[in-house]
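*Asks:* To convert, take the position in the sequence shown, counting from 1, and add 2; that gives the working numbering.
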Amino acid sequence: MKTWGRRWARKVAQQLGIYESLVLKKKLAVRRTLQSSEPLPVVEIVKSTRVTLSSAPQWNEASVKPGDTVSIRVAVTYENTSEVSKKALLLIKLTDLDGNEVAEASGRLARSEKLKSSYKYLASTLGKVVTVYEFKVPEGGVGLQVGFCAFNTQPGEAVHIDQVEILSRKKAKDVVQFVAPSAEVAAISILGWPEYPENDKPYVIGVMDEFTTGCFEQEVNLIQPRPDNWYALAEKYKPAMFFIESAWKGNQGSWQYRVGEYSNKPGQEIAFMSQYARDKGIPMVFWNKEDPVHHDKFMCSAKLADHIFTTDENMRGSYRRRTGNSNVHALPFAAQPKLHQPAPLEGRLARSCFAGSWYGDRHANRGRAMRWLLQAANRHGLDIYDRNHGTGLFPFPEEYQAGIKGSLPYKRLCAEYSRYRVFLNVNSVTDSPTMFSRRVFELMACGTPVVSTYAKGIEDLFESDAVWMVSSEQEAEEAIHTLLTDDREWRRRSLLGIREVFSRHTYAHRINSVFGHVGLPPVTTIDPNILLIARVSSEAELYSVTKLCEQQVYQNYTIAIECHGAADLFDLPVPAEVVLVQPGYFASAEFESRAVTYDASGWLSPHAGYGRHYLRDLANAMRYQPQASGWAKALVKDAFQFGQNAQMDGALWQMQEFLQHGRFAAPEGAISSPRLYCADSKEYFRASFTQSVAGL
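1. Measuring straight from C-alpha to C-alpha, what distance separates A481 and V472?
2. Assign A15 to buried or exposed, taking buried as 16 or more other Cβ atoms, counted over all protein chains shown, within 10 Å of its Cβ.
3. Which residue marks the beginning of the beta strand (DSSP E) containing K138, and which one marks its end?
4. Taking C-alpha atoms, which residue in I532, V222 and A417 lies nearest to A345?
5. Within the chosen definition, does the segment 405-424 reach the segment 329-346 through at least 3 CB pairs nearer than 8 Å?
6. So what does DSSP say about E2, is it helix, strand or coil?
7. To the nearest angstrom, how far is the alpha carbon of S540 from that of V547?
8. Helix, strand or coil for W492, going by three-state DSSP, please let me know.
9. Would you say A64 and I168 are within 8 Å of each other, going by their C-beta atoms?
10. At the level of alpha carbons, what is the spacing between A672 and S607?
11. Provide the residue(s) that pair with V581 in DSSP beta bridges, ordered along the chain.
12. Considering only C-alpha positions, which residue in the set Y259, A447 and I94 is nearest to F464?
13. Taking the DSSP output, what are the residues bridged to D281?
14. Roughly how many angstroms lie between the CA atoms of S50 and A242, to the nearest whole one?
15. Is the CB-CB distance between A457 and V431 below 8 Å?
16. Do H566 and R537 have their C-beta atoms within less than 8 Å of each other?
17. Apart from the five residues on each side of it in sequence, which residues of its chain come closer than 6 Å, Cβ to Cβ, to A336?
18. Which of the three DSSP states is assigned to Y369 in this structure?
19. Excluding the 5 residues flanking G459 on each side, which residues of the same chain have their C-beta closer than 6 Å to its C-beta?
20. From M275, L582, D570 and A568, pick the residue whose C-alpha is nearest to that of T560; which is it?
21. Determine whether the beta carbon atoms of L333 and F311 lie at a separation below 8 Å.
22. Helix, strand or coil for A189? Go by DSSP, reduced to three states.
23. Where S466 and G521 are concerned, what is the direct C-alpha to C-alpha distance, given to the nearest angstrom?
24. Rounded C-beta distance between V72 and L146? I'm assuming under 8 Å.
25. Going straight from the alpha carbon of G149 to that of Y278, what length do you get?
26. I'd like the list of long-range same chain contacts for L24, defined as Cβ closer than 7 Å, with 5 residues on each side in sequence excluded.
27. Quick one: what does DSSP say D314 is sitting in, helix, strand or coil?
28. In the DSSP assignment, what residue or residues form a beta bridge with Y612?
29. Based on the DSSP secondary-structure assignment, which residues constitute the bridge partners of I54?
30. Based on Cα-Cα distance, which residue from L620, D640, R373 and V638 lies nearest to L631?
31. In whole angstroms, give me the CA-to-CA distance for H615 and L497.
32. Given R495, which residues of its chain have a CB within under 6 Å of its CB, disregarding the five upstream and five downstream residues?
33. Counting only runs of 3+ residues fully inside the segment 64-151, write out the beta strand (DSSP E) ranges in chain order.
In structure tokens, the structure reads:
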């Protein structure tokens, strides 16, 4: 909510005469919480049935977390032996998530290989419950076994355990209990807050910085509260999830200093959210987009989450050890189709562009790589969007000043991605299998070739050479010069990048991954279910159509073929994706009733050629231009725009559009419509066109 909204809410409360009382109630609730000095038990096991010990250990198991303080309290009685004799043992085993033993940190226990545990002698407590051992759970410890056994007892001697208490507690200063505000306080906090649309998207309460907001807000109903009104919004909208990222400011700056580790946090709202989410059974996830560089900074919030996500696969082990949470997953960056869409070569500036900060002597390796990469680009024309422009911080050297274009907010910068032939990228993290600049995904989605310094993640995540990685100024010179002058190579890498990102690396893929890991159904269907139809009158034509099944990368489709002429066509073997039907079937009510279960439909022709990525490319176009009535392969040259000429047998249509018009059209006829989106001209061939099928 904007500032004026908060002021208006305050004014209304003052006019009602309740503002001061609301503020006082809120302060008292927080004060009562912070003044609580009693540690809160995390795990409590109490057994009060008398057990007589033998030489075989009797074990008790509990789950603990790193940093917890564990107290073991027992009542021990010796029978027919001295109260100070050593006739019993306390056994301790502490394990990590993988079942490996973790050394108990205090060092006050001996080690027995025979018993395969640490131990101490257990004297008689004269039947009274006393604390016999206490320790702090070290990093990595999550599984605790506490055992008891008799030691060197003679005939007639016995040791009895009358009561066992195993308590695991956090320090009081680490435990802040959430106290829900009153109904009137909650109502005031969201006065003037905008309503969210009714749709089939789930509600997610998120704390995110600008970039992440722009990427996820298209996929869910994203509610971005202030620290003072998250509770009221959660009560109103019943979110499916709380999503906290490693935000420096968060939600227009309202969460600054509240997500990371700071000496004097202004509030404990992330901890409150965590408690609320657990009480309500709502999953809370944390995503560190700053890994590995700021891994420690946000560990405090990671410890509060049910599931932890990281941009760096290499950090999963550290999170597991330090939080005791096994639900740790890699979540790389991606592209957002609403912001990042392909554009053709025509009209692009024959220059390179770089967006970011000058590193100079910061991050020595990145600074050196930036120098030689920018030097190579500057010889051919270089524009720079400087993140720190106008601040006086970290200015670019004089030789680049002529190309400085200032600073742009995130969404406006995204619009610049498709204006240049080449974008440059420098990686701070080079050894992560999943972490590299989010801009690489975004530029690839725009069809803009990227010249980048090395990153293992680029090498591992992408199946193609869409990104041109370089390791020296000479290699950078060659890459930049080639992409500025060689249209064929430019197009090859451009189309590879588009195909790669939209098939596997959009934020729809990422949010589905998050929901899947926490046990929720997917948010969206990414790959549409496609129905293709064709007419054939010979065995040769039938083979021409069905051979598409042998080579298509995309698999979510069915082909219905009307067989005209020879009756024996129905006796021929066809792939599982193919259904043979009688002439006239496509005009029938039965066809219509079955077709509506698909998302899109289009004609195939036995006289056209289809490359292996034909359906994949059109399915991708449906993702980044969902408002179109149809999607087609462009003719002769790449278009990536509406209203171009196309062919009916090289297009897909929204199902209702196809049922009304497309199924009655000539399969090999020319088409043009202001609502028909024409993508690239690859992967579709007709003999009458000038393009060649070679290289598809």
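Note that the Cβ used here is the ideal one computed from N, Cα and C, for glycine as well.
*Replies:* In terms of the structure at hand:
1. When rounded, the separation of the alpha-carbon atoms in A481 and V472 is 8 Å.
2. Low per-residue confidence applies at A15: pLDDT is 46, beneath 50, and the placement is therefore not dependable, though the value from the model is reported in the following sentence. Residue environment: A15 is assigned as buried (16 or more neighbouring CB atoms within 10 Å of its CB, all protein chains considered).
3. Per DSSP, K138 belongs to the beta strand (DSSP E) from V131 to K138.
4. Of the listed residues, the one whose Cα sits closest to A345 is A417.
5. At 8 Å Cβ cutoff, the stretches touch.
6. Any question about residue 2 goes unanswered here, given that the chain covers just 3 to 698.
7. Roughly 11 Å separates the two Cα atoms.
8. W492 carries a helical assignment under DSSP once its states are collapsed to helix, strand and coil.
9. In contact: A64 and I168 (Cβ atoms closer than 8 Å).
10. Taking the straight line from one Cα to the other gives about 13 Å.
11. According to DSSP, which records beta bridges pairwise, V581 is partnered with A562.
12. Measuring C-alpha to C-alpha distances from F464 to each of Y259, A447 and I94 identifies A447 as the nearest.
13. In DSSP, D281 forms no bridge with anything.
14. Answer to the nearest angstrom: the Cα atoms are 41 Å apart.
15. Judged by beta-carbon spacing, V431 lies within the 8 Å limit of A457, meaning their Cβ atoms are closer than that value.
16. Contact: yes.
17. Cβ neighbours of A336 within its own chain (closer than 6 Å, five residues either side excluded): F443, H507, T508, Y509 and R512.
18. Per the sequence presented here, residue 369 reads as Gly, with Tyr not at that position. G369 falls in the helix class under three-state DSSP.
19. Answer for G459: S434, P435, T436, M437 and F438, listed in chain order.
20. Considering only alpha carbons, the answer is L582.
21. Annotated as proximal: L333 and F311, with beta-carbon spacing under 8 Å.
22. DSSP places A189 in the helix class (H, G or I) of the three-state scheme.
23. Approximately 32 Å between the Cα atoms of the pair.
24. Contact flag correct, Cβ pair sits at about 7 Å.
25. Cα-Cα distance, rounded: 35 Å.
26. Because L24 carries a pLDDT of 42, less than 50, the predicted location of this residue cannot be relied on, and the following value inherits that uncertainty. Taken in chain order, the residues that qualify are A15, E186, V187 and I190.
27. DSSP, reduced to helix, strand and coil, places D314 outside both helices and strands of the structure shown, so it counts as coil.
28. For Y612, the pairing in a beta bridge is given by DSSP as Y686.
29. This sequence places Thr at residue 54; Ile is not what is there. Bridge partners of T54: H162.
30. Going by the sequence as given, residue 631 is Ser instead of Leu. Selected option, being the one with the closest Cα: L620.
31. Straight-line spacing of the CA atoms in H615 and L497 works out to 11 Å.
32. Apart from the 5 residues on each side of it in sequence, R495 sits with its Cβ closer than 6 Å to the Cβ of P451 and A468 in its chain, given in chain order.
33. Whole beta strand (DSSP E) segments, 3+ residues: 71-81, 90-97, 112-114, 119-123 and 131-138.
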